[in-house]
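A short write-up of the structure that comes next.
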């Protein structure tokens, strides 16, 4: 358990801290140009659909940009690359 909770706007907060204070995400670089860093509990699609664990856990990290999916090789690409 990483102690993060999601508010009604979809933002993640440290459950051990004051939940009314939102800290900006640290500047992070992602390995893939089609990824963006998020600390707001991002969900992403893969070639099989929506990641089933994304709504139950908040995690910070790099996620595929909107409209892209996580490919089997770990990079982000258009859904047409899944076939």
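Numbering (our numbering), first residue to last: 4 to 86. In this text, a Cβ means the ideal position worked out from N, Cα and C, and glycines have one as well.
In three-state DSSP terms, what is residue 66? The count along the chain shown starts at 1 and reaches residue 66 at position 63. Residue 66 falls in the strand class under three-state DSSP.
Would you list the one or two residues that DSSP bridges to residue 47? Sequence index remark: in the chain shown, residue 47 carries index 44 (1-based). Paired residues: none, contrary to the question.
Distance check for residue 42 and residue 28, CA to CA, integer angstroms please. As a first step, residue 28 must be located in the chain shown, where it is residue number 25. As a first step, residue 42 must be located in the chain shown, where it is residue number 39. A caution first: residue 28 carries a pLDDT of 49, below 50, which makes its placement in the model unreliable, though a value can still be read off. If you take the alpha carbons of residue 28 and residue 42, they lie about 6 Å apart.
Does the beta-carbon distance from residue 50 to residue 67 come in below 8 Å? Here residue 50 is taken as the residue at index 47 of the chain shown, counted from 1. Here residue 67 is taken as the residue at index 64 of the chain shown, counted from 1. Contact flag unset, no.
Using a Cβ-Cβ cut-off of 7 Å (strictly less than) and excluding sequence neighbours within five positions of residue 81, which residues of its own chain qualify? Walking along the chain shown from the start, residue 81 turns up at place 78. These residues qualify, in order along the chain: 71.
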